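Chemist:
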């Protein structure tokens, strides 16, 4: 009986010890976790010494930040791709690329050019590709075409200059037809005003007008005066495409007081990629010839778009200032 009673006592002691052992193990595990957390916090603070967190939680090394970057970050909180040329292995702040100011050359050449692309409206694809070029290229849109309004909306959203590309009678008419909304020398003053007003309504967001064809119409001072008065009353300027050396557009605009400028170079008469590139690069010699401001006109040919994408960065790197065509009028 005594042996049985002793065995019962041992079993009771073993059963009572199990909760105590389990509690000690749990307590030990909690101590290890707390110690590890404290160690991690201390180590983490030291490893990021000299850095601070951006609003997006990206570590930004102090030496990689400057005042300009700080100002850019305040423009928008959008998440976008980081700027190129970042130092390998470093995380940098990010800015909206569309808000970043254009990179200016360290030294300008004193040459200023405007690039105006005519005949916009038949196809929207060239507009998309031209807007990818990092320069304020201007656009002249034909009225009453399939994509006149869509192109104007797209260009306006990009903040570029839009002109009405006004069809006018050429010397070769009727063999060559200027298209819908054209002005002809046989029209009366009332007819010219009526057609012109319809054309102006057909292309939104315009700041000026230039002629499409028009070698006959621009030689007629009387008919041009009707156009120039209408443009002046609407606060619009006129760019003479100079499709004829006998154009009276400059003389008439001055007499009426319409803001005016004239084209100097057609860049793509041959629609050839190599020749267009050469023509664009030749503007670098214009300063030697006494020209400090030039208006270049091209067209939405595939070779022209490709040539501009290739040469424009080169012109900018050599200090050529590319401006909207509206900055060239007087």
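Numbering (my numbering), first residue to last: 140 to 469. We put the CB at the ideal spot given by N, CA and C, even for glycine. No experiment lies behind these values; they were computed from the predicted model shown.
1. Can you look up residue 348 in the DSSP assignment and give me helix, strand or coil?
2. According to DSSP, residue 460 sits in a beta bridge with which residue or residues?
3. Given a threshold of 16 other Cβ atoms within 10 Å of its Cβ, counted over all protein chains shown, does residue 393 qualify as buried or as exposed?
4. Given residue 449, which residues of its chain have a CB within under 8 Å of its CB, disregarding the five upstream and five downstream residues?
5. Going along the chain, which unbroken runs of the beta strand (DSSP E) with 3 or more residues stay wholly within the region 306-367?
6. At what residues does the alpha helix (DSSP H) containing residue 395 begin and finish?
7. Check whether the Cβ atoms of residue 356 and residue 324 sit closer than 8 Å, and answer yes or no.
8. Using only CA atoms, which one of 252, 166 and 290 lies nearest to residue 426?
9. Between residue 435 and residue 429, what straight-line distance do the alpha-carbon atoms span, to the nearest angstrom?
10. By Cβ distance, which residues of its chain are closer than 7 Å to residue 386, with the 5 residues on each side in sequence left out?
11. According to the neighbour-count rule (16 or more other Cβ atoms, all chains shown, within 10 Å of its Cβ), is residue 407 buried or exposed?
12. CA-CA distance, residue 268 and residue 444?
13. Distance check for residue 273 and residue 241, CA to CA, integer angstroms please.
Modeler: According to the structure data:
1. Counted from its first residue, the chain shown places residue 348 at position 209. Reduced to three states, the DSSP call for residue 348 is strand.
2. Position 321 of the chain shown holds residue 460. Per DSSP, 251.
3. Position 254 of the chain shown, counted from the first residue, corresponds to residue 393. It counts as exposed.
4. The residue you call residue 449 lines up with position 310 of the chain shown. Counting only Cβ-Cβ distances below 8 Å, and skipping sequence neighbours, we find 416.
5. 347-352
6. Here residue 395 refers to the residue found at position 256 when the chain shown is read from its first residue. Counting along the chain, the alpha helix (DSSP H) containing residue 395 begins and ends at 388-395.
7. As a first step, residue 356 must be located in the chain shown, where it is residue number 217. As a first step, residue 324 must be located in the chain shown, where it is residue number 185. Going by C-beta atoms, residue 356 is nearer than 8 Å to residue 324.
8. Working through the chain shown from its first residue, we reach residue 426 at position 287. Cα-wise, what sits closest to residue 426 is 252.
9. As a working note, residue 435 is residue 296 in the chain shown. As a working note, residue 429 is residue 290 in the chain shown. In a straight line, the C-alpha of residue 435 is about 16 Å away from that of residue 429.
10. Translated into the one-based positions of the chain shown, residue 386 becomes position 247. If we look at residue 386 and ignore the five residues flanking it on each side, its Cβ neighbours are 357, 358 and 379.
11. Counting from one through the chain shown, the residue named residue 407 turns up at place 268. Buried is the call here.
12. Walking along the chain shown from the start, residue 268 turns up at place 129. Walking along the chain shown from the start, residue 444 turns up at place 305. Straight-line Cα distance between these residues: approximately 7 Å.
13. Here residue 241 is taken as the residue at index 102 of the chain shown, counted from 1. Here residue 273 is taken as the residue at index 134 of the chain shown, counted from 1. Caution applies to residue 241, whose pLDDT of 48 falls short of 50 and renders its modelled position unreliable; the value that the coordinates give is listed next. Their backbone Cα atoms lie some 8 Å apart in a straight line.
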